[in-house]
Amino acid sequence: MLDTGQLPLSGEPLLWFQQGLLSATQKEYEQAVVSYDCVLRVRPDCFDVWYERGLALENLGTYNDAIASYDRALQLEPPKDIACVIWQNRGDAQQYGLGQYADAIASYDRALQANSEHYQAWQNRGNALLYGFNQYAEAIASYDRALQLKPDYYLAWRNRGNALIELTRYSEAIASYDRALEIEPNDQAASYGRSCALERSGLAYKQPTTNPVWYGRGYSELNPLDEAAIEANETSVFIAHPGTNHTQQQPIFVLEDEQGTREITLEKSSYSIGRDPKSDICLHSQFVSRQHATLLKILRDDGTYIYQIVDGALGGKRSTNGLMINGRKHRAWDLAHDDVVVFGPQVRALYFTSPQPPLDSSPD
11 MLDTGQLPLS GEPLLWFQQG LLSATQKEYE QAVVSYDCVL RVRPDCFDVW
61 YERGLALENL GTYNDAIASY DRALQLEPPK DIACVIWQNR GDAQQYGLGQ
111 YADAIASYDR ALQANSEHYQ AWQNRGNALL YGFNQYAEAI ASYDRALQLK
161 PDYYLAWRNR GNALIELTRY SEAIASYDRA LEIEPNDQAA SYGRSCALER
211 SGLAYKQPTT NPVWYGRGYS ELNPLDEAAI EANETSVFIA HPGTNHTQQQ
261 PIFVLEDEQG TREITLEKSS YSIGRDPKSD ICLHSQFVSR QHATLLKILR
311 DDGTYIYQIV DGALGGKRST NGLMINGRKH RAWDLAHDDV VVFGPQVRAL
361 YFTSPQPPLD SSPD
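Just so we're aligned: 204 in our numbering is position 194 of the sequence shown, and the numbers increase by one with no gaps anywhere.
Below, the structure is given as structure tokens:
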């Protein structure tokens with residue numbers, strides 16, 4: 011909730027607003043929007059409500075509607091410090107929700123015009139420059155500004171490392187990852203990035219990659235032979251149809267993301283995977299793509315089947331981060347028991363083809 015110091019609501023509108031906040035806290039975002047709409051029917055001049063409505067819509071994945079709500083809040087000319095927060099959230103919806111990096115940077119710039127010391131706006135501006143445009147030096151400048159304002163901001167240290175590694179400045183990248191891990195020892199993404207920087211430090215002759223390093227143990231780009239093999243594999247697979255009868259153990263996807271750990275028994279012929287709430291397997295993280303990957307059930311000649319994971323949507327564009335499988339980046343991969351698939355920071359899946367012990371959701 012915005013810290014405005016005073017909320018210009020009373021009576022029934024205030025009760026509806028409080029109910030909306032409660033619903034949002036309980037992740038009941040659709041109900042939250044209904045409550046906020048009840049307030050706005052009688053008090054359309056309350057920017058706080060438009061802002062909270064935007065947050066709920068963003069959590070529902072309806073990013074254009076969220077941006078429209080943020081715009082209504084901004085039209086009501088809130089104080090500068092409040093406008094800064096709204097512009098920053100507007101930029102987040104554009105960047106992480108819609109992939110509109112240029113528009114996101116424009117929103118972050120408006121946020122920083124209102125409050126040049128908003129460290130989160132600097133950090134997210136850096137992300138848009140890094141992951142949207144591969145502008146590594148410019149991204150580092152934004153991360154440095156965020157860290158001047160908040161030296162213990164581990165996300166900025168981690169992403170600064172990601173930018174430095176793309177510039178092949180490996181020792182500096184390792185130092186940034188070390189700072190991130192000093193602040194947040196459980197940051198897997200920083201740990202993965204550090205491992206990657208250590209491995210790459212002996213390969214400094216290579217050109218920077220066009221895809222940012224997020225994330226796996228021993229990151230590696232595919233070579234042309236890998237690409238050719240994948241292309242051949244993608245054109246020759248036989249997808250099992252629903253109802254195919256097999257007696258083998260059904261595989262399990264153990265998924266870890268911002269909502270915790272959960273098991274998914276795989277049985278369908280295909281699954282869409284991504285941040286889009288309509289995905290068959292929804293990934294709860296702003297750092298993965300809306301349509302990140304596809305799982306395909308492949309029937310073998312002996313009557314058994316496997317699952318193949320493919321980067322991006324079938325027939326569509328690839329994901330932003332790509333797929334890191336067992337520490338290497340792949341466009342497509344035939345999954346085997348104990349494979350680890352990393353989609354992005356703090357988002358991964360473990361693939362099992364045999365019965366597993368009860369799920370342990372305790373931290374590593």
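Backbone N, C-alpha and C define an ideal beta-carbon position, used for all residues, glycine too. Predicted model only: the values in this text are computed from it and were never measured.
Rounded Cβ spacing between Ser280 and Leu309 (contact assumed at less than 8 Å):
About 13 Å; that fails the 8 Å criterion.
Nearest-angstrom beta carbon gap, Ser289 and Ser299 [assumed within contact, 8 Å]:
At roughly 10 Å, the Cβ-Cβ gap does not stay under 8 Å, so Ser299 and Ser289 are not in contact.
For Thr363, the nearest candidate out of Val351, Gln356 and Ala346 (CA to CA):
Ala346
Which first and last residues belong to the beta strand (DSSP E) in which Ala342 is found?
Ala342 to Asp344
What do you reckon, is the C-beta of Pro161 under 6 Å from a heavy atom of the ligand PLP?
Although the ligand PLP was asked about, the structure shown includes no ligands whatsoever.
Does Lys463 come out as helix, strand or coil in the three-state DSSP assignment?
Look at the range of the chain in this structure, 11 to 374, and you will see that residue 463 is not part of it.
Using DSSP bridges, identify the partner residues of Thr271.
Glu266
What does Ile335 pair with, by DSSP beta-bridge criteria?
Arg338 and Val351
Verify whether the separation of the beta carbon atoms of Ala166 and Ala151 is less than 7 Å.
no
Determine which residues share a DSSP beta bridge with Arg358 and list them.
Glu266 and Val352
For Val320, which residues does DSSP report across the bridge?
Thr304 and Ala342
Are Phe263 and Ala147 closer than 7 Å when you measure CB to CB?
no
Report, in whole angstroms, the separation of the C-beta atoms of Ile115 and Leu139, which I expect to be a contact under 8 Å.
7 Å
Could you pull the start and end residues of the alpha helix (DSSP H) that Tyr111 belongs to?
Tyr111 to Ala124
Taking the beta strand (DSSP E) that Ser186 belongs to, which residues open and close that run?
It is not in any beta strand (DSSP E) - Ser186 instead sits in the alpha helix (DSSP H) that spans Tyr180 to Ile193.
Given that a residue counts as buried once 16 or more other Cβ atoms are within 10 Å of its Cβ, and exposed if not, what is Gly270?
exposed
Own chain, CB closer than 6 Å to Leu19, minus 5 neighbours either side, in chain order
Phe27
Taking 7 Å as the CB-CB limit, is Trp60 close to chain D?
Reference to chain D is not applicable here, since this structure consists of a single protein chain.
Measure the Cβ-Cβ separation of Tyr180 and Arg204 and say whether it is below 7 Å.
no
In the DSSP assignment, the beta strand (DSSP E) including Tyr281 goes from what residue to what residue?
Ser280 to Gly284
Give the DSSP-derived three-state secondary structure of Leu139 in the structure shown.
helix
Measuring CA to CA, which of Tyr46, Tyr129 and Gln98 is closest to Lys160?
Tyr129
Pairwise C-alpha distance: Asp349 and Tyr361:
5 Å
Secondary structure at Gln80, three-state DSSP: helix, strand or coil?
First, the amino acid is wrong: residue 80 is Tyr here, not Gln. Helix, per DSSP.
Return yes when the Cβ of Arg120 is within less than 7 Å of the Cβ of Trp97, no when it is not.
yes
Beta-carbon gap between Glu273 and Ser295 smaller than 7 Å:
no
When the Cα atoms are used, what is the spatial distance from Lys327 to Glu192?
37 Å
Is the separation between the beta-carbon of Ile77 and that of Ala103 shorter than 7 Å?
yes
How about Ser45 and Gly30: do their beta carbons lie closer than 7 Å?
yes
Helix, strand or coil at Leu108 [DSSP, three-state]:
coil
Who are the Cβ neighbours of Tyr163 in its own chain at under 7 Å, not counting the five residues just before and after it?
Tyr129, Gln133, Ala156 and Leu157
Here's the rule I'm using: 16 or more other beta-carbon atoms within 10 Å means buried, otherwise exposed. How should Thr257 be labelled?
Low confidence applies to Thr257: its pLDDT is 49, below 50, so where it sits in the model is not reliable, and the reading given next is rough at best. By the 10 Å Cβ count, Thr257 comes out exposed.
Could you give the C-beta distance for Asn99 and Asn137, rounded to a whole number, given that I count them as a contact under 8 Å?
Incorrect: roughly 14 Å between the Cβ atoms, too far for contact.
Straight-line Cα distance separating Ala200 from Ala207:
10 Å
So, is Pro365 buried or exposed, given that buried needs 16 or more other C-beta atoms within 10 angstroms?
Bear in mind that the predicted position of Pro365 carries a pLDDT of just 44, short of 50, making it unreliable; the figure below should be weighed with that in mind. Counting Cβ neighbours within 10 Å, Pro365 comes out exposed, since fewer than 16 surround it.
For my contact list, Gln318 and Ala303 are in at a C-beta cut-off of 8 Å; report their separation, rounded to the angstrom.
Rounded, the Cβ-Cβ distance is 10 Å, inconsistent with contact.
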